[in-house]
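A.B. asks: According to my numbering, the sequence shown is numbered sequentially starting from 3.
Where a beta carbon is used, it is the ideal one built from N, C-alpha and C, also for glycine.
Remember, predicted model here, so these are calculated numbers, not experimental data.
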Amino acid sequence: MPAVGRSAAFFDLDKTVIAKSSALAFGRPFYRDGLISRRDVIKGAYAQLLFRVGGGSDEQTMAKTRDYLAALVKGWRAEQVRQIVRETLEELISPYIYAEAVLLIEEHRAAGRDVVLVSTSGDEMVRPIGEQLGVTDIIATRMVIGEDGCYTGDLDFYAAGPNKVVAVKELAAERDYNLATCFAYSDSVTDAGLLGLVGHPTAVNPDRGLRKIAIERGWPTLTFRHPIPLGRRLRERPAVPVTAAAIGVGVGLAIAFALYSKHRRTKAAVTAA
3 MPAVGRSAAF FDLDKTVIAK SSALAFGRPF YRDGLISRRD VIKGAYAQLL
53 FRVGGGSDEQ TMAKTRDYLA ALVKGWRAEQ VRQIVRETLE ELISPYIYAE
103 AVLLIEEHRA AGRDVVLVST SGDEMVRPIG EQLGVTDIIA TRMVIGEDGC
153 YTGDLDFYAA GPNKVVAVKE LAAERDYNLA TCFAYSDSVT DAGLLGLVGH
203 PTAVNPDRGL RKIAIERGWP TLTFRHPIPL GRRLRERPAV PVTAAAIGVG
253 VGLAIAFALY SKHRRTKAAV TAA
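Right, here's the structure in full:
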């Protein structure tokens, strides 16, 4: 990835940077602290399933999800949500960050690009995850907070589908990004508009709908398979660097992690002996 001028790499979060849904990941502590009911947990899991099989990508379903989210969080104390996220981040998110995504983020930084997380999840969840990755540029759903510190039930911005495209265009105009030189990564057909906005789109672990579009448009596809705790990932870097060509086809990542895994197994065997 050669050095560039003003450019950026936009990363979806769920199933692209982390191997799970960030919103669902915090369901257990939210339930434990009385913010949601068991019925809410089940309903949220069902909604996520619809999106995964490609049945929740239409505007009507996304609107229903938006309205459900707004009604669900009404009356929650924003600081309580932030505290829950802070206390459970290491347990619920850090072990599920794709090592391949971290490598890719580092490659883009080395090439001089800004890195931006673009997620439908709430800003209170996405921003701390970004901090773990060293990413401070966040596009996420923002909920209105009243003077009492509680969510009012209104959304200031819903970062889903076409709204992601709008937000990225605004950021590009503000920072003078040349979108033709920018990169974008996502797993979901709902982000086809975002991927089509940049000159270098990549489908990562694509769902059925996005896989079809990627094939039709000739977009490259990557498969991420190695969620590793971020602290361990930073301590134990693979000895084999990931080249630009390897990132393009995914081969370099496969080789790097195969060698890394072999090294770890050999080291473990020597230690045991």
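(1) Report, in whole angstroms, the separation of the C-beta atoms of VAL200 and LEU224, which I expect to be a contact under 8 Å.
(2) Pairs of beta-carbons, one from the stretch 212-226 and one from the stretch 109-127, closer than 8 Å: are there three or more?
(3) Quick check on the burial criterion: 16 or more other C-beta atoms within 10 angstroms. Buried or exposed for ALA103?
(4) I'd like to confirm the pairing. Which residues does DSSP put opposite VAL117 in its beta bridges?
(5) Whose C-alpha, out of SER24, ILE230, ILE215 and ARG68, is nearest the C-alpha of MET145?
(6) I need the straight-line Cα distance from ASP189 to GLU108, nearest angstrom please.
(7) Restricting to Cα atoms, I'd like to know which of LYS214, ILE147, SER23 and SER96 is closest to SER121.
(8) Would you decide whether ALA150 is buried or exposed? Buried here means 16 or more other CB atoms lie within 10 Å of its CB.
(9) Taking the alpha helix (DSSP H) that HIS228 falls in, what are its first and last residues?
(10) Take the Cβ of ALA73 as the centre, count every other Cβ of all protein chains shown within 10 Å, and call the residue buried at 16 or more, exposed below.
(11) How many Å lie between ALA80 and MET127 at the Cα?
(12) Is it right to say LYS66 is buried, meaning 16 or more other beta carbons lie within 10 angstroms of its own, or is it exposed?
(13) Go through its chain and collect everything with a Cβ distance to LEU91's Cβ below 8 Å, but skip five positions before and after it.
(14) Go ahead and pull the three-state DSSP assignment for TYR100.
(15) Check each candidate in ALA11, GLN82 and ALA194 and name the one with the smallest Cα separation from ARG34.
(16) Determine the direct distance from the alpha carbon of THR138 to that of ALA246, and round the result to whole angstroms.
(17) Straight-line CA distance for PHE226 to THR18?
(18) Using only the alpha-carbon positions, how far apart do TYR280 and ALA161 sit?
(19) Taking the beta carbon of ALA10 as the centre, do at least 16 other beta carbons fall within 10 Å, making it buried, or is it exposed?
(20) In three-state DSSP terms, what is GLY220?
(21) Identify every residue that forms a DSSP beta bridge with SER188.
(22) Here's the rule: buried if 16 or more other CB atoms are within 10 angstroms of the residue's CB, otherwise exposed. What is GLY198?
(23) Less than 8 Å separating the beta-carbons of GLY124 and ALA113?
C.D. replies: A quick look at the data gives this:
(1) Residue numbering aside, residue 200 sits at position 198 when the sequence shown is read from its first letter. Residue numbering aside, residue 224 sits at position 222 when the sequence shown is read from its first letter. Actually they are not in contact, since the Cβ atoms of VAL200 and LEU224 sit about 15 Å apart, beyond 8 Å.
(2) no
(3) Numbered from its first residue, the sequence shown carries residue 103 at position 101. By the 10 Å Cβ count, ALA103 comes out buried.
(4) For the purposes of this step, residue 117 is identified with residue 115 of the sequence shown, where counting begins at 1. Beta-bridge pairing links VAL117 to ALA11.
(5) Stepping through the sequence shown from its first residue, residue 145 is reached at position 143. The shortest Cα separation from MET145 among SER24, ILE230, ILE215 and ARG68 belongs to ARG68.
(6) Along the sequence shown, one-based indexing puts residue 189 at 187. Along the sequence shown, one-based indexing puts residue 108 at 106. Cα to Cα, the separation comes out at about 20 Å.
(7) Position 119 of the sequence shown, counting from 1, holds the residue named residue 121. The option with the nearest alpha carbon to SER121 is SER23.
(8) Against the sequence shown, residue 150 aligns to sequence position 148. Just to set this straight, residue 150 is Asp in the shown sequence, not Ala. Result: exposed.
(9) Translated into positions along the sequence shown, residue 228 becomes position 226. Here HIS228 belongs to no alpha helix (DSSP H), and DSSP marks it neither H nor E.
(10) For the purposes of this step, residue 73 is taken as residue 71 along the sequence shown, with counting starting at 1. So ALA73 ends up on the exposed side.
(11) Within the sequence shown, numbered from 1, the residue matching residue 80 stands at position 78. Within the sequence shown, numbered from 1, the residue matching residue 127 stands at position 125. Approximately 11 Å, taken between the alpha carbons.
(12) The residue labelled residue 66 in the question sits at position 64 within the sequence shown. Result: exposed.
(13) To locate residue 91, count along the sequence shown from 1; it is residue 89. Correct list, in chain order: PRO130, ILE131 and GLN134.
(14) Reading the sequence shown from its first residue, position 98 is the one you call residue 100. TYR100: strand per DSSP, three-state reduction.
(15) Residue numbering aside, residue 34 sits at position 32 when the sequence shown is read from its first letter. For ARG34, the nearest C-alpha among the options comes from GLN82.
(16) Translated into the one-based positions of the sequence shown, residue 246 becomes position 244. Translated into the one-based positions of the sequence shown, residue 138 becomes position 136. Because ALA246 carries a pLDDT of 32, less than 50, the predicted location of this residue cannot be relied on, and the following value inherits that uncertainty. If I take the Cα positions, the gap works out to 24 Å.
(17) If you number the sequence shown from 1, residue 226 lands on position 224. If you number the sequence shown from 1, residue 18 lands on position 16. The alpha-carbon atoms of PHE226 and THR18 are separated by roughly 8 Å.
(18) This structure cannot settle anything about residue 280, because the visible part of the chain is limited to 3 through 275.
(19) The residue you call residue 10 lines up with position 8 of the sequence shown. That one is buried.
(20) Here residue 220 refers to the residue found at position 218 when the sequence shown is read from its first residue. In the structure shown, GLY220 sits in coil (DSSP, three-state: anything other than H, G, I, E or B).
(21) On the sequence shown, position 186 is the one that residue 188 refers to. In the DSSP output, where bridge partners are listed per residue, SER188 has ALA205.
(22) Position 196 of the sequence shown, counted from the start, is the residue given in the question as residue 198. Its Cβ having fewer than 16 others within 10 Å, GLY198 is exposed.
(23) Here residue 124 refers to the residue found at position 122 of the sequence shown. Here residue 113 refers to the residue found at position 111 of the sequence shown. The answer is no: Cβ separation not under 8 Å.
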